[in-house]
Amino acid sequence: MSMIEWEKLNYDIHTLKCARREVTTRWKKILLMLGYQREVDALLSVNRQMAQLESENLDRARELLQTIWEESGLFPPGIAANDRYVVVMDRLISLDSADDFVRIAKEKYPKAPE
């Protein structure tokens, strides 16, 4: 690889990391608004084993996450909602906070006009 290609690759990696960090910050802000001050880090903490667990709420979690992705600006363009956020949404369903999370995501981060 040439030096220019390495610089572009480094820039792309840096941009992706910044976008992911921004998404995490946005999720934290909404969770704090929902009153999860002490639990915010635990709610967002997901490892590979957790992402592979079966839950009766996974289909609903995926639907809600798809709604967030389609109807809000919580995820910047080019950043897809990954399995980590399915697990978090599953947790919010169990806590009866998922619908409120979706509503706040739409209000606080409206979808940008295309």
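Mind the numbering: the sequence shown is residues 1 to 114 in UniProt numbering, read in order. The beta-carbon is built from N, C-alpha and C at its ideal position, and this holds for glycine as well. Values in this document were obtained by computation on a predicted structure and should not be read as measured data.
Euclidean distance between Cα positions of residue i and residue j
{"i": "Asn47", "j": "Val88", "result": "11 angstroms"}
{"i": "Ala80", "j": "Ser2", "result": "30 angstroms"}
{"i": "Asp99", "j": "Glu7", "result": "42 angstroms"}
{"i": "Leu43", "j": "Lys108", "result": "20 angstroms"}
{"i": "Ser45", "j": "Ile13", "result": "22 angstroms"}
{"i": "Ala19", "j": "Glu56", "result": "30 angstroms"}
{"i": "Lys106", "j": "Arg38", "result": "24 angstroms"}
{"i": "Leu95", "j": "Glu5", "result": "47 angstroms"}
{"i": "Gln66", "j": "Thr15", "result": "23 angstroms"}
Endpoints, alpha helix (DSSP H) assigned at residue i
{"i": "Glu22", "result": "Met3 to Met33"}
{"i": "Leu74", "result": "Note, Leu74: premise wrong, no alpha helix (DSSP H); not H, not E."}
{"i": "Arg84", "result": "Asp83 to Ser94"}
{"i": "Val46", "result": "From DSSP, Val46 is part of no alpha helix (DSSP H); its letter is neither H nor E."}
For residue j and residue i, believed in contact at Cβ under 8 angstroms, the rounded distance
{"i": "Val86", "j": "Leu58", "result": "7 angstroms"}
{"i": "Leu31", "j": "Val40", "result": "5 angstroms"}
{"i": "Gly73", "j": "Lys111", "result": "5 angstroms"}
{"i": "Leu34", "j": "Ser97", "result": "5 angstroms"}
Per DSSP, the bridge partner or partners of residue i
{"i": "Pro110", "result": "Ser72"}
C-beta atoms of residue i and residue j nearer than 8 angstroms
{"i": "Ala61", "j": "Ile104", "result": "no"}
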